[in-house]
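Undergrad:
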Amino acid sequence: MLSNHPGKWFLLVHQIPPKPNALRVKIWRRLNQLGAVAIKQSVYVMPFTDEAMEDLSWMLKEIQNGGGSGFIAEATFLQGFTDEQIIALFQKARNADYEDLIREANKILSQWSSSRVIPQTPEVKVQAQMARLQRRFEKILSIDFFQAPERWRAEILIKDLANRLSGHPPRTCSTTCQISDLCGKTWVTRKNVFIDRIACGWLIRRFIDNKAVFKFVDSEPYAPAANEIRFDMFEGEYTHDGDMCSFEVMIQRLRLQDDALFSLAEVVHDIDLKDEKFSRPEAEGFSAMLSGLVASRSKDEERLADGFSLFDMLYAYFQKST
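Numbers given in our numbering equal positions in the sequence shown, counted from 1, plus 690.
(1) Can you list, in chain order, the residues of its chain with a C-beta nearer than 7 Å to that of phenylalanine 835? Leave out the 5 residues immediately preceding and following it.
(2) With tyrosine 1005 as the anchor, note down where its alpha helix (DSSP H) starts and where it stops.
(3) Looking at the structure shown, is histidine 704 part of a helix, part of a strand, or coil, going by DSSP?
(4) Would you kindly check if the distance between the Cβ of arginine 826 and the Cβ of glutamate 962 is under 9 Å?
(5) Within a Cβ cutoff of 8 Å, which residues of the same chain sit near arginine 987, ignoring the five residues on either side of it in sequence?
(6) Got a sec? Which residues, its chain only, sit under 8 Å from serine 1011 by beta carbon, not counting five neighbours each side?
(7) Kindly give me the distance between the Cβ atoms of valine 958 and aspartate 886, rounded to whole angstroms, as I take these residues to be in contact under 8 Å.
(8) Within 10 angstroms of the Cβ of glutamate 840, are there 16 or more other Cβ atoms? Answer buried if so, exposed if not.
(9) Am I right that leucine 823 and glutamate 789 are in contact with their C-beta atoms under 8 Å? What's the rounded C-beta distance?
(10) For the candidate residues Ile894, Arg895, Met923, Ile898, whose alpha-carbon lies nearest to that of phenylalanine 906?
(11) Pull up the CB-CB distance for alanine 742 and phenylalanine 700, whole angstroms please, since I reckon it's below 8 Å.
(12) How close, in whole Å, do the beta carbons of valine 939 and aspartate 948 come, if the pair is a contact with beta carbons under 8 Å?
(13) When the Cα of leucine 746 is compared with those of Leu713, Gln723, Ile830, which residue comes out closest?
(14) Who pairs with alanine 763 in a beta bridge, going by DSSP?
(15) Please report the residue range of the alpha helix (DSSP H) in which methionine 979 lies.
(16) Compute the beta-carbon to beta-carbon distance between proline 911 and glutamate 925, rounded to the nearest angstrom, for a pair I have assumed lies under 8 Å.
(17) For tryptophan 748, count the other beta carbons within 10 Å of its own beta carbon; 16 or more makes it buried, fewer makes it exposed. Which is it?
(18) Which whole-angstrom value is the C-beta distance of glutamine 705 and glycine 760, which I expect to be below 8 Å?
(19) Leucine 768: buried (16+ other C-beta within 10 angstroms of its C-beta) or exposed?
(20) Quick one: Cα of glutamate 744 to Cα of valine 903, how far?
(21) Could you tell me the boundaries of the beta strand (DSSP E) in which isoleucine 729 lies?
(22) Alpha carbon to alpha carbon, how far is glutamine 754 from valine 735? Give it in angstroms, no decimals.
(23) Among all the DSSP beta bridges, which residues are the ones paired with lysine 905?
(24) In terms of residues, what are the limits of the alpha helix (DSSP H) holding valine 735?
(25) Give the straight-line distance between the Cα atoms of glycine 757 and proline 710, rounded to the nearest whole angstrom.
(26) Could you check what DSSP says for tyrosine 788 in three-state terms: helix, strand or coil?
(27) Determine the DSSP secondary structure at phenylalanine 952, reduced to helix, strand or coil.
(28) Grab me the residues of tryptophan 892's own chain with a C-beta within less than 6 Å of its C-beta, minus the 5 sequence neighbours each way, in chain order.
(29) Measuring straight from C-alpha to C-alpha, what distance separates aspartate 960 and phenylalanine 968?
(30) Starting from the C-beta of threonine 929, find all residues in its chain whose C-beta is less than 8 Å away, skip the five residues before and the five after it, and write them out in chain order.
(31) Quick one: what does DSSP say proline 710 is sitting in, helix, strand or coil?
(32) In this structure, how does DSSP classify phenylalanine 924 when only helix, strand and coil are distinguished?
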């Protein structure tokens, strides 16, 4: 039995006649549905699993029946690509799928929150909407071979919507903490940090504990030790709540009153949730800078260190503006 592990991959290399164009489009859509990613024109890679082999075999047969040609190869990348780069391609493709789902879920959540809609009442037709979101999520999940970072956030949103639909109250953020009680803790979050986790780390270092220690774990559920606090992760002490990102939740629960901090939180919200709730003009440029940071820094410790500097500068800008 084949296994999904770096080091071995399946390649589908094909050639499709230029006419009719419908066949080319059909094959491209089917490969995307299977979760394959292109590493070169007409060269697609899949994990080294029995399921992938079966899917690619059917795909090759469909190509040949349409007048095209191709072959499936077992491959090991020696130069030009590393296994980590291939995995990153899969994660990037699935992140894009999750982000589309997150945008739609956030729109629904915003509608329910802003208009005070009670979604489980008979006159509100949301059952089909929720079922469609759930099917989309499960479909993406089935081809998320390497646990893309956005998977966690999409799962939280789907669960939150389902809870509201069933009449269960959403998780609350009313619990507050004394900042002094949070000093000397180890702060745990998921690996591959980006906007919300960098923002929370910056807030922790600047407003809670300037010597705070951070720990990075896999995205699966994590049981914290006695001296650990989880943030922006599944079942974390500080994490997404309704239509608020983890950074907003942390500011609220710590009762931080700072206009510049509120402006910064709106930027983080717009980048993280992608719902254009605040439409901050700074969001696009700041997101580009953070994306460049992530592309140039592979270690989470380096991303936090450099990210803190970016947040310091934007925070100073808002202080001056306000």
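Every residue, glycine too, gets a C-beta built ideally from N, C-alpha and C.
Owing to the predicted nature of the structure, the values given are computational and were not obtained by experimental measurement.
TA: Here's the rundown:
(1) Asn694, Gly725, Pro737, Phe780
(2) 990-1011
(3) strand
(4) Before going on, a small fix: residue 962 reads as aspartate here, not glutamate. No, Cβ-Cβ distance for aspartate 962 and arginine 826 is not below 9 Å.
(5) Arg993, Asp996
(6) Ala950, Ser953
(7) 6 Å
(8) buried
(9) Actually they do not touch by this definition, with Cβ atoms about 14 Å apart.
(10) Met923
(11) 5 Å
(12) The pair is not a contact, with the Cβ atoms about 16 Å apart (cut-off 8 Å).
(13) Gln723
(14) Leu701
(15) 972-986
(16) 6 Å
(17) exposed
(18) 6 Å
(19) exposed
(20) 46 Å
(21) 727-730
(22) 19 Å
(23) Val878
(24) Unbroken run through valine 735 is the beta strand (DSSP E), 733-737; no alpha helix (DSSP H).
(25) 10 Å
(26) helix
(27) helix
(28) Phe998, Phe1001
(29) 6 Å
(30) Ile846, Arg920, Phe921, Asp922, Met923, Ser936, Val939
(31) coil
(32) coil
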